[in-house]
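Working notes, beginning with the structure itself.
Numbering (the numbering used here), first residue to last: 16 to 97.
Put into structure tokens, the structure is as follows:
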């Protein structure tokens, strides 16, 4: 059995921080606690940024050549040119 290499970082961490920030924002907003709401908003934005960065790193590590060839065939251009 071969060891599997990870294609990139797991975006679930960013999603988890996003959801925690959403819950903290809801609690702070319901109790009219502005500081807690602001902390939740910061967590929400941080989680969204981590999620986007993780997805971008994963997409960058994948092989873009098959997608490039598919786009060239759809657009009607030759697959041999660069």
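Positions of the beta carbon are idealized from the N, C-alpha and C atoms, including for glycine.
Contact defined as beta carbons within less than 8 Å: I believe residue i pairs with residue j. What is the distance between those atoms, to the nearest angstrom?
{"i": "residue 43", "j": "residue 51", "result": "3 Å"}
{"i": "residue 39", "j": "residue 54", "result": "6 Å"}
{"i": "residue 65", "j": "residue 29", "result": "3 Å"}
Going by the CB atoms, is the gap between residue j and residue i shorter than 9 Å?
{"i": "residue 23", "j": "residue 69", "result": "yes"}
Quick check: the Cα distance between residue i and residue j, rounded to an integer number of angstroms?
{"i": "residue 57", "j": "residue 33", "result": "9 Å"}
{"i": "residue 86", "j": "residue 60", "result": "33 Å"}
{"i": "residue 77", "j": "residue 31", "result": "24 Å"}
{"i": "residue 81", "j": "residue 88", "result": "11 Å"}
{"i": "residue 71", "j": "residue 25", "result": "11 Å"}
{"i": "residue 47", "j": "residue 83", "result": "51 Å"}
The alpha helix (DSSP H) that contains residue i, what's its start and end?
{"i": "residue 48", "result": "Looking at the DSSP string, residue 48 is not in any alpha helix (DSSP H), and its letter there is neither H nor E."}
Using a Cβ cut-off of 9 Å (strictly closer), state whether residue i contacts chain B.
{"i": "residue 33", "result": "This model lacks chain B altogether; it includes just one protein chain."}
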